Structure formats: structure tokens, C-alpha cells
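Under my numbering, the first residue of the sequence shown carries the number 3, and numbering increases by one thereafter.
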Amino acid sequence: MVPDVEWVRIRRGLRFGQVFEGTVVNVPRPGVIGIFVDIGLTVGGFVDVALLPDRGEDWPAEGTVGEFEIWCADSRQQIRLKPADSRYLRADFADYVERFRPGWPSDVGRPVPDPGPQPGATPDRR
3 MVPDVEWVRI RRGLRFGQVF EGTVVNVPRP GVIGIFVDIG LTVGGFVDVA
53 LLPDRGEDWP AEGTVGEFEI WCADSRQQIR LKPADSRYLR ADFADYVERF
103 RPGWPSDVGR PVPDPGPQPG ATPDRR
């Protein structure tokens with residue numbers, strides 16, 4: 003985990019659809035959880051199971067180097083990615099986007115928004 007100030011700094015430079023070359027560093031439960039990707043930043047990258055092929059054996063293996071796009075970044079100090087290589091996307095990705103993220107095409111290139119104050123966080127009283 004990085005300090006909150008560092009996370010805010012990193013987020014300010016992120017854009018939806020921004021492409022990073024990354025290395026798959028952990029595939030803890032193929033077909034169940036998702037994959038962790040090192041994209042060269044101090045925060046981790048993660049591809050959710052919902053974006054990957056149904057069969058875990060079709061997922062990129064640890065050590066795979068490829069391009070990954072920023073899909074989202076929420077309050078967790080983790081950058082959510084999607085594989086740029088369609089071999090590593092769910093077969094019905096276009097339908098998935100239409101159902102669950104219809105604004106995706108227009109989001110590409112836009113800054114990743116600040117998630118705002120975190121629940122339970124103490125307000126800054128400078």
C-alpha cells in the first residue's frame with residue numbers, strides 16, 4: 003500500500019483506456035478471482051474475473067507480458083485493468099460492455115475521477 007497522497011498523485015495521471023505494458027505476476031485461482039499485473043507503478047494492477055475468458059486455462063499465465071488498459075480505479079489502491087489482447091477477454095466482451103458499462107467508449111481518454119472521501123476517513127482540517 004502507498005500513502006494516500008501518492009495514490010491521489012498517481013490517480014491524477016490516469017485516463018480510462020490508457021495503455022500500459024505489464025507483466026502478469028500472480029494468477030491465484032484461474033477461473034475464479036482474476037489476475038494481478040505489474041504495470042510499473044507503485045500501486046498494483048488487477049484484471050477482474052468478469053473481464054477474462056470463462057476458462058481459467060485461457061487466461062494469461064504468470065510471466066506473460068502484454069498490454070493492459072485502465073478500466074477503472076476505485077477507492078482501493080489498485081488500478082483495474084482490462085487486457086488489450088482480445089484473446090484474454092471474455093468471449094462476449096462487447097455484450098458485457100453494453101450491459102454493464104455502456105459509457106465505456108466515451109470514457110476512453112477521460113481522467114479517472116477522484117473517488118471522494120473514503121467512508122470512515124477523518125476530514126483534513128488544515
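Glycine is no exception: its CB is placed at the ideal position from the N, C-alpha and C atoms.
Since this is a predicted model, take the numbers as computed values, not measurements.
Relative to the C-alpha of residue i, which candidate in the options has its C-alpha closest?
i	options	result
R17	A75, S88, A86 and G58	A75
R57	I81, V26, Y90 and Y98	Y90
E8	T66, V26, Q80 and F48	Q80
Just how far apart, CA to CA, sit residue i and residue j?
i	j	result
T44	R78	13 Å
F38	P113	22 Å
E100	R13	26 Å
D40	P115	22 Å
M3	R103	28 Å
Skipping 5 residues on each side, what residues in its chain have a beta carbon closer than 8 Å to that of residue i?
i	result
Q120	Because Q120 carries a pLDDT of 49, less than 50, the predicted location of this residue cannot be relied on, and the following value inherits that uncertainty. Excluding residues within five positions, the ones whose Cβ falls inside 8 Å are S77.
N28	I37, F38 and E64
G19	E71, I72, D109, V110 and G111
R11	none
How about residue i and residue j: are their beta carbons less than 9 Å apart?
i	j	result
A52	R92	yes
F70	L54	no
W61	G24	no
P85	G105	no
G42	F22	yes
Tell me which residue opens and which closes the beta strand (DSSP E) that residue i is part of.
i	result
E23	V21 to N28
R101	Segment F95 to F102 is the alpha helix (DSSP H) holding R101; no beta strand (DSSP E) there.
Which residues in the same chain have their Cβ closer than 6 Å to the Cβ of residue i, if we skip the five residues on either side of it in sequence?
i	result
D50	G36
G15	none
Take residue i and list the residues in its own chain whose beta-carbon comes closer than 7 Å to its own, dropping the five residues that flank it on each side.
i	result
P5	none
Could you give the first and the last residue of the continuous alpha helix (DSSP H) run that contains residue i?
i	result
R14	D6 to R14
W106	W106 to D109
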